[in-house]
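Engineer: In this note's numbering, the protein residues as written are 1 to 272. Each residue gets a CB set at the ideal place from its N, CA and C atoms; glycine is no exception. From a predicted model like this one, the values you see are computed outputs, not experimental measurements. Pasting a structure here, questions to come.
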């Protein structure tokens, strides 16, 4: 799945939290306070601004082609310094550890005691949570399990079940305690879902997993997050935007469902 912006930042404004967030707004503001949300997506192993095939930086000929998490880390550290680290939430929206040469070489030579380069980078930058992307399953579940075990933050995938037990295969959500710029404590619930199209691409590699409809899953999980004490609910949705004329049907297992999530699931404050 492809997303657009590598990094996005926005304030969470309390009292302006409605569901669906993109389609409604309350008429009265009762309290306003700020958190800052930073999110990366579809990094595909691009840790540094260097093309291993050409032996040059991606931006060597066109500066606008420069990329890499090392460059983004400067922006991340700058925002934390400006806003206060405890008021900044840092999330990744999936497709992190596949694509670039460094990841291809790592997976081909992986042993039980090696750490995925992207896991090391996420740990170094103190990400708060990451979500499964479709490409996280490309190398099989043993590889994925080792990757998850190397992470210092929750790996989320609420709509993926273990076929044998019927239970969540991965953490469905996490609640992160943050302190706003004005010193208020806020419990931020983060729910992760991934496109249910994964079995169509990875087949036998994910045969032991059941990928469920994202909208149906969120209708069930978001109330659990609220009941667990979340003041704010963020959905990390590794999916694209469905067509404007599409009418949600859970039986479709719609690959791209961001619009349907916003229109059909109440209780969400932000969708990434």
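Would you report the Cα separation of residue 209 and residue 168, rounded to the nearest angstrom?
Structural biologist: Distance between the alpha carbons of residue 209 and residue 168 is about 9 Å.
Engineer: Classify residue 53 as helix, strand or coil using the three-state DSSP reduction.
Structural biologist: Here DSSP, grouped into helix, strand and coil, assigns residue 53 to coil.
Engineer: So residue 273 packs on residue 242, CB below 8 Å; how close in whole Å?
Structural biologist: A question about residue 273 goes unanswered here, because the residues of the chain that appear run from 1 up to 272.
Engineer: Taking residue 257 and residue 215 to be in contact with their CB atoms under 8 Å, please state how far apart those CB atoms are, rounded to whole angstroms.
Structural biologist: 6 Å
Engineer: Just checking, does the stretch 233-247 make contact with the stretch 179-194 on the three C-beta pairs under 8 Å criterion?
Structural biologist: Counting C-beta pairs closer than 8 Å gives three or more between the stretch 233-247 and the stretch 179-194, which meets the contact rule.
Engineer: Going by the CB atoms, is the gap between residue 70 and residue 57 shorter than 8 Å?
Structural biologist: no
Engineer: Would residue 224 pass as a contact of residue 261 if the rule is Cβ separation under 8 Å?
Structural biologist: no
Engineer: Between the stretch 127-147 and the stretch 76-93, do three or more beta carbon pairs fall short of 8 Å?
Structural biologist: yes
Engineer: Which of the three DSSP states is assigned to residue 22 in this structure?
Structural biologist: With a pLDDT of 40 at residue 22, under the threshold of 50, the modelled position of this residue cannot be trusted; read the value that follows with caution. If DSSP states are grouped into helix, strand and coil, residue 22 belongs with coil.
Engineer: Identify which residue in 193, 245 and 179 has its Cα closest to the Cα of residue 160.
Structural biologist: 193
Engineer: Tell me which residues share the same chain as residue 1 and place their Cβ nearer than 7 Å to its Cβ, disregarding the 5 neighbours each side in the sequence.
Structural biologist: The predicted model places residue 1 with a pLDDT of 47, which falls under 50 and marks its position as unreliable, so this point remains unresolved.
Engineer: What whole-angstrom Cβ distance do residue 118 and residue 43 have, given they're in contact under 8 Å?
Structural biologist: 7 Å
Engineer: In this structure, does DSSP put residue 240 in helix, strand or coil?
Structural biologist: Three-state DSSP puts residue 240 in coil, outside helix and strand.
Engineer: Could you tell me which of 244, 251 and 164 sits nearest to residue 263, measuring between CA atoms?
Structural biologist: 244
Engineer: So does residue 161 have its beta carbon nearer than 7 Å to some heavy atom of the ligand ADP?
Structural biologist: The ligand ADP is not part of this structure, which contains no ligands at all.
Engineer: Note down, in chain order, each residue of its chain lying with its Cβ closer than 7 Å to the Cβ of residue 155, except the 5 sequence neighbours on either side.
Structural biologist: Taken in chain order, the residues that qualify are 130, 132, 148, 170 and 171.
Engineer: Roughly how many angstroms lie between the CA atoms of residue 111 and residue 166, to the nearest whole one?
Structural biologist: 30 Å
Engineer: Just mark residue 177 as buried or exposed, buried being the case when its beta carbon has 16 or more other beta carbons within 10 Å.
Structural biologist: Classification of residue 177: exposed, given that the 10 Å Cβ count is below 16.
Engineer: Mind pulling the beta strand (DSSP E) runs of 3 or more residues that sit fully within the stretch 125-158?
Structural biologist: 129-131
Engineer: In this structure, does DSSP put residue 178 in helix, strand or coil?
Structural biologist: strand
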